Each structure stands twice: as C-alpha cells, then as structure tokens.
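Read through the structure below, which is laid out as structure tokens, and then see the notes.
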DNA sequence: ATTGGCATTCTTGTATACAATACACTTGAC
DNA sequence: GTCAAGTGTATTGTATACAAGAATGCCAAT
C-alpha cells in the first residue's frame, strides 16, 4: 500500500465515481467505505475533502457527502470552458513553441493517425491525450498548463464516450492537422480558433448523444 | 463559533496567509495552530486539505505543510490566465448580456467613478470587484463564472497592492468605459480585447512593482 | 387516517490515543 | 576534529473514543 493512504483512497474513490459505481446523488458512507478499504474513517474523511474541492462530491454539513455528477447543462458549460482554455494554450503556444516540441507534436499526431488506421480507439485516445498535453505545456505558462490538465482530467470520462461515434476519429484527425499547421505557421489566432472548434465540437457531439439517450 | 470549525479554520488560515502572518516556506505547525484556535489537530488537518487544494500550502508527506506563495514568475502566469479568462467572460457576455444587467453594470461603473473622484480606494476596490463579478456572471456560463471567481479571489491580495499606484485608478476607469462600450455594442472581440488588456496591465504593473522592490 | 411530537438510533464532527517515520543530538571511531 | 551511526524526540498519519445533531420510527391525538 501507499505511504499516505488518504491520497490513495481519494484516487480510488475518484475512479469509482468515474466508473459509474457511484452515481449522482449517492451518499458516500464513511463507515462502509472505511471497512471496504480496510482503514478507519479518518483517511476516508480526508479523501472526501479533496474530492469536494475537485467538485466531484458535495459536502452538506452534518448530512454527509454526496456524489455530484454534472448534468447536461453544466457539462456543456465545462466543454465550452475547456474549448476556450485550449484556445488560449494554442494562441500562446503558437508564439512560444520550440522546434523540438513541434517535432514531438507531429510525432504524436502521426501516432494518432496510425491508431485511426488500425481503428485502435485506446491507442488513439492515449496519443490524442499526449497531443493535447503537449500543447498545454508549450503554452509556456505552467499555471495555465495545470489548469488545463485539471479540467481535461475532469472531462475525461465524458470525452471518452463520444470517441466511438462513427467517423469522429477521422474528423478529429483532420482538425489535428489544422492545429499543427497553425502552430507551424506560428499564427496565434488560427491556432486558437482551430483548437477551440476542435474541443467545442466534442461538447456538441456529447450533447447530441445525451439528447438522443435522454428520452429513452 | 461556527458549526463546522474545520471550514472556519480553513478560512482563518487563508486570511492569515494573505495578511502576511505566514510567509512563503513557513511550516504550519498542527499542534500550535490547534491550541491557538482552541481545537484538536483533526479540524486543523482538515483545513490543511482544503488549503492544499487551493494551492496556498503544499503538503510534503510525513514532513508537514508549508505555505506556498507564488513567486514573481508564477504570479505573472496567473495574471496572464486571469486576463484570458476575463477575455472569455467578456466575449461571451457581449453575446449574452441582458439589458437589465447592462444597466447594473453601468451603475457599478458610475460608483467606481465616484470613488475615483473621492480618491476612496476602498470603495473603488469594492465597486470594481462588483463590476468584474457582473461580467463573469453575464458570461451565461456558471462553470466559467465559478472558475473566474476562484482565480479572482486567489489574486486578490496582489491586485490590491497595485491599486495605490499613481494614476492607476484613473487609467482603470478609462478601460472600464471601453469595456462597457464593447458590451453595449455587443461586439465580442472588442470586449475580449479590452478586458484582456485591462487585466494584463494589472499583472505588468505588479511585475514592475515587484522588480523595483526586489533589489532592496 | 394523518399529522405532530418525542425518543431512539445512526451519522457526522471533534478529541484523544497510538503507530510509524523523520529529524536531531549525542557518542564513538578514525 | 570530523564524520557516521544509533538512539531519542518530535511530528505526522491513522485508529478509536466521545459528543452533538439529524433522520427515522413509534405513539398519541385530532
């Protein structure tokens, strides 16, 4: 086990919420979770603190903690913000990216391409993530990078779903090409726009997907 | 005292760090703070969790928690992000702001003007905050609003300092006018640019201030 | 039958006790 | 005299014990 169990438990709980074991509105029982993880309530409570700050759970005083999954509206809002954040990263990266990083970015993109050809969704997902993280990094603003990573992580489970939509991976690749081109050309506004659209479309796809599932 | 002392302690510690009682690198002693607040270590530790997630302190496992004030570089990065976030709020608000909110915004701005005429820095600070919060709100994106508020709060102690620079309030007012005009005109890009510059200049001013103080 | 009040029980929030690790100081050897 | 190793102390991390508030169920009254 880890040195600091409270942190490990926070991660595990996060996974459990992402995986759907706990859904919106569920109360997280301190005692049950404590015995489940084989620890006392103390580290479980410390984990709750962390989760509540990330927004995954909500603490009602003297009532307990409840998992709080974003609804369709909030999700759309989050994707909108993600799109804008990535646009900022792109705008700054276009001005600041190094030649070496540009090369690495192109490599990551080629790996994406290969994954598309092999219809390997997992590989695509992995390389796509690397692609985006590189752009965050090349914004040259560590604070921005951290914020982007935070939000990216938060949207992870929702982004994954819409990857399996027909033709999405191919379309996404075309968008990547445009993004790389903008960075090569060192045109900040083009990079911002292409990245914004690239992410915004994810939000919209997801929204459509939700809408088509809801009436059922 | 409050019902939930851990939260109250988190707030108090935040204030203590902002006020400068604890400076960068200081170790926060659980026992000392516990007896200082008249509680046990438990609520103090819970408060630490919160603070570490906001980035005000850093937890080294088995070593303790240390206050972590951003250095000049990180501060500049944070202001850069704040500028971009506000630009986004402005762009969206220009499209979505209601007539009523526009009126309220103009009122807040007039209060700012009065404060400038009276050389009332406190009043200016208060109304300026209201002005910006209104724009966050009128972005029509609650999630974005929350994020903007979070960062705004984080930068509070640093923004306050540079308000006392000569002529800053007057210049700031001119910028406010341009922002309001852009929102009235419903021109998203103009709103984005004016807001970005308005905030970015704060970061630069602060940076200059720091630079002029550092050699001492 | 439904509603209001009381009591019981369960859960959260805090305090204290215990365990384990890191730091400091001392002591001894080279 | 300096460095290293070991012991002791202090501090963190976890478990348990206790206190206070909230939820639930039961009983009575309308």
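Protein chains in written order, with the numbering used here: chain A, 55 to 270; chain B, 55 to 270.
We put the CB at the ideal spot given by N, CA and C, even for glycine.
Given the structure is predicted, the values throughout are model-derived calculations rather than measurements.
9 Å Cβ cutoff, residue i in contact with chain B
| i | result |
| --- | --- |
| residue 20 (chain A) | The question about residue 20 (chain A) has no answer, for chain A in this structure spans 55 to 270. |
| residue 152 (chain A) | no |
| residue 248 (chain A) | no |
| residue 197 (chain A) | yes |
| residue 94 (chain A) | no |
| residue 258 (chain A) | no |
| residue 115 (chain A) | yes |
| residue 107 (chain A) | yes |
| residue 58 (chain A) | yes |
| residue 68 (chain A) | no |
| residue 229 (chain A) | no |
| residue 184 (chain A) | no |
| residue 244 (chain A) | no |
| residue 181 (chain A) | no |
| residue 75 (chain A) | no |
C-beta neighbour in chain A for residue i, strict 9 Å
| i | result |
| --- | --- |
| residue 103 (chain B) | yes |
| residue 135 (chain B) | yes |
| residue 142 (chain B) | yes |
| residue 87 (chain B) | no |
| residue 132 (chain B) | yes |
| residue 201 (chain B) | yes |
| residue 213 (chain B) | no |
| residue 99 (chain B) | yes |
| residue 84 (chain B) | no |
According to DSSP, residues forming a beta bridge with residue i
| i | result |
| --- | --- |
| residue 81 (chain B) | B:120 |
Residue i, DSSP secondary structure in three states
| i | result |
| --- | --- |
| residue 130 (chain B) | helix |
| residue 357 (chain B) | Nothing in the structure corresponds to residue 357 (chain B), since chain B is present only between 55 and 270. |
| residue 105 (chain B) | helix |
| residue 114 (chain B) | strand |
| residue 263 (chain A) | helix |
| residue 144 (chain B) | helix |
| residue 99 (chain A) | helix |
| residue 252 (chain B) | helix |
| residue 58 (chain A) | coil |
| residue 174 (chain A) | coil |
| residue 220 (chain A) | coil |
| residue 161 (chain B) | helix |
| residue 151 (chain A) | coil |
| residue 182 (chain A) | helix |
| residue 240 (chain B) | coil |
| residue 226 (chain A) | helix |
| residue 212 (chain A) | helix |
| residue 68 (chain A) | helix |
| residue 74 (chain A) | coil |
| residue 257 (chain A) | helix |
Proximity test, residue i beta-carbon vs the ligand HEM heavy atom, cut-off 8 Å
| i | result |
| --- | --- |
| residue 219 (chain B) | With respect to the ligand HEM, the structure shown offers nothing to examine, as it has no ligands at all. |
Practice prompt. Examine the Cβ distances between the region 139 to 155 of chain A and the region 188 to 203 of chain A and report whether three or more of them are shorter than 8 Å.
Written response: yes
Worksheet item: Does the pairing of the region 108 to 123 of chain B with the region 72 to 85 of chain B give three or more beta-carbon distances under 8 Å?
Response: yes
Worksheet item: Is it true that the region 250 to 266 of chain A meets the region 123 to 141 of chain A, where meeting means three or more beta-carbon pairs spaced less than 8 Å apart?
Response: yes
Worksheet item: So does the region 195 to 206 of chain A actually touch the region 155 to 164 of chain A, counting three or more Cβ pairs closer than 8 Å?
Response: no
Discussion item. Contact between the region 97 to 105 of chain B and the region 237 to 247 of chain B is defined here as three or more beta-carbon pairs at a separation below 8 Å; is this criterion met?
Written reply: no
Worksheet item: Looking at C-beta atoms only, is the number of pairs between the region 61 to 75 of chain B and the region 64 to 76 of chain A that lie closer than 8 Å three or more?
Response: Touching, no.
Fill in: Interfacial residues, the region 152 to 176 of chain B to chain A, with Cβ spacing under 9 Å
none
Worksheet entry | At least three beta-carbon pairs within less than 8 Å, the region 230 to 237 of chain B to the region 162 to 170 of chain A | no
Discussion item. Tell me whether the region 138 to 148 of chain A and the region 209 to 228 of chain B touch, counting them as touching only if at least three CB pairs, one residue from each stretch, are closer than 8 Å.
Written reply: Here the region 138 to 148 of chain A does not lie against the region 209 to 228 of chain B, with fewer than 3 beta-carbon pairs under 8 Å apart.
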